Amino acid sequence: MTPAPLHVAGERLMLDPAGLLAWPARKTLVVGDLHLEKGSHFAQGGRMVPPYDTRETLHKLQLALRRWRPARLVALGDSFHDAGGSGRMAAEDAALLHRLLAGIEMVWVLGNHDPVPPTGLPGTAVEELQDGKLVFRHEARRGPVKPTEISGHFHPKATMPTRCGGVTRPCFIADAWRVMLPAFGAYTGGLDAGDPAIAGLFPRGARVFLLGSDRCYSMPVAPGRAKRPAAGNEAAGTAAG
Numbered sequence: 001m002t003p004a005p006l007h008v009a010g011e012r013l014m015l016d017p018a019g020l021l022a023w024p025a026r027k028t029l030v031v032g033d034l035h036l037e038k039g040s041h042f043a044q045g046g047r048m049v050p051p052y053d054t055r056e057t058l059h060k061l062q063l064a065l066r067r068w069r070p071a072r073l074v075a076l077g078d079s080f081h082d083a084g085g086s087g088r089m090a091a092e093d094a095a096l097l098h099r100l101l102a103g104i105e106m107v108w109v110l111g112n113h114d115p116v117p118p119t120g121l122p123g124t125a126v127e128e129l130q131d132g133k134l135v136f137r138h139e140a141r142r143g144p145v146k147p148t149e150i151s152g153h154f155h156p157k158a159t160m161p162t163r164c165g166g167v168t169r170p171c172f173i174a175d176a177w178r179v180m181l182p183a184f185g186a187y188t189g190g191l192d193a194g195d196p197a198i199a200g201l202f203p204r205g206a207r208v209f210l211l212g213s214d215r216c217y218s219m220p221v222a223p224g225r226a227k228r229p230a231a232g233n234e235a236a237g238t239a240a241g
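If you're matching positions, the sequence shown starts at 1 in full-length UniProt numbering and goes up one per residue.
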């Protein structure tokens with residue numbers, strides 16, 4: 001996979017096509033919205049879906065950890081679909097997660113789906129994490145932000161026009177002050193980048209990075225026109241800010 005470089009707040013970040021953000025200078029990997037145990041949550045309410053979402057998500061995370069070998073992993077909230085999710089994990093999945101976190105500083109940013117720390121797992125739970133000029137939180141804040149904000153929550157997706165019609169994929173969204181991550185979990189949907197809930201956070205426009213199989217694809221988003229991307233689409237690699 002070829003990550004896309006992104007420069008914000010004087011830092012060089014890397015956008016992984018798997019849907020994660022790497023901060024090489026701090027040996028940090030950042031992932032948003034795992035929503036582990038969403039399938040078992042549905043099953044509790046009588047909605048039977050294949051119960052393999054946690055395993056699929058963890059296997060994808062395992063590949064990313066092997067690729068980047070971080071010293072720290074930051075999960076941006078909604079890591080579990082509900083507060084009791086960590087207690088419902090199958091023994092095999094729980095054992096895999098413990099192996100993945102061995103020797104890594106784990107930071108659980110709390111989200112609206114998981115407002116309490118996960119039980120029986122290593123790591124530290126925080127409302128938000130600030131490291132230098134970057135702050136990591138679950139949901140982006142309205143208005144000016146300082147330091148630069150890294151967030152998740154909205155599960156952004158965008159549509160890139162092609163000769164064969166629009167291609168819709170999960171995406172990163174970035175400007176000089178904010179970076180929003182796509183959801184990483186196997187059972188997560190998406191909210192269009194043009195929705196007011198997202199577009200209102202980027203009033204001066206932004207750049208979206210759609211996830212591809214081995215690279216990201218970037219295009220600009222004009223202010224107030226997030227559902228109609230500006231012309232001049234290009235492959236990812238252009239720095240925001």
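Note that the Cβ used here is the ideal one computed from N, Cα and C, for glycine as well. Since this is a predicted model, take the numbers as computed values, not measurements.
Alpha-carbon spacing of residue i relative to residue j, whole angstroms
i           : j    : result
G85         : P118 : 8 Å
R141        : P203 : 13 Å
F209        : G19  : 10 Å
Q130        : S151 : 12 Å
A226        : E139 : Reliability fails at A226, whose pLDDT of 42 lies under 50, so the model's placement of it is uncertain and no value is given.
P147        : R26  : 16 Å
V145        : L201 : 10 Å
A125        : S40  : 23 Å
R207        : A186 : 24 Å
G189        : G10  : 32 Å
P220        : A90  : 42 Å
G111        : A95  : 23 Å
A71         : C164 : 42 Å
A43         : M180 : 30 Å
P17         : F172 : 10 Å
A230        : G87  : The predicted position of A230 is uncertain, since its pLDDT is 39 and thus under 50; a value taken from the coordinates is nonetheless stated next. The alpha-carbon atoms of A230 and G87 are separated by roughly 46 Å.
S149        : G143 : Going by the sequence as given, residue 149 is Glu instead of Ser. Going by the C-alpha atoms only, they are around 12 Å apart.
L6          : R178 : 11 Å
A235        : A75  : The predicted model places A235 with a pLDDT of 37, which falls under 50 and marks its position as unreliable, so this point remains unresolved.
residue 264 : G205 : Coverage of the chain is limited to positions 1 through 241, which leaves residue 264 absent and any answer about it impossible.
G45         : G166 : 36 Å
S213        : G120 : 34 Å
C-beta atoms of residue i and residue j nearer than 8 Å
i    : j    : result
L211 : P170 : yes
G77  : V109 : yes
E127 : V135 : no
A83  : D114 : yes
A197 : A158 : no
L15  : A4   : yes
V31  : L61  : yes
R215 : T2   : yes
R67  : D93  : no
Cβ distance (whole Å) where residue i is taken to contact residue j below 8 Å
i    : j    : result
D33  : A174 : Not quite, the Cβ-Cβ distance comes to about 17 Å (not below 8 Å), so this is no contact.
L100 : L58  : 7 Å
H81  : K38  : 4 Å
V8   : A176 : 6 Å
From the options, residue whose alpha carbon lies closest to that of residue i
i    : options                : result
L29  : V49, R55, A64          : A64
A199 : G10, H155, V8, G45     : H155
P122 : V116, A91, I104        : I104
D195 : P223, T188, W177, A176 : P223
L73  : D93, P24, G45, H81     : P24
Y217 : V116, R12, T168        : T168
A102 : R47, R69, R88          : R69
H153 : G120, L191, P51        : L191
V116 : G143, S79, R12         : S79
Cutoff 8 Å: residue i Cβ touching any chain C Cβ
i   : result
K60 : No chain C is part of this structure, which consists of one protein chain only.
Problem set entry | Complete beta strand (DSSP E) runs within the stretch 117-143 (minimum length 3 residues, chain order) | 124-126, 128-131, 134-137, all fully within the stretch 117-143.
Problem set entry | Within the stretch 32-76, ranges of the alpha helix (DSSP H) (whole runs, at least 4 residues) | Listed in chain order, the complete alpha helix (DSSP H) runs (minimum 4 residues) inside the stretch 32-76 are 38-44, 53-68.
Exercise. Which runs of the beta strand (DSSP E), 3 residues or longer, sit entirely within the stretch 159-193?
Worked result: Qualifying beta strand (DSSP E) stretches, in chain order: 167-174, 178-180.
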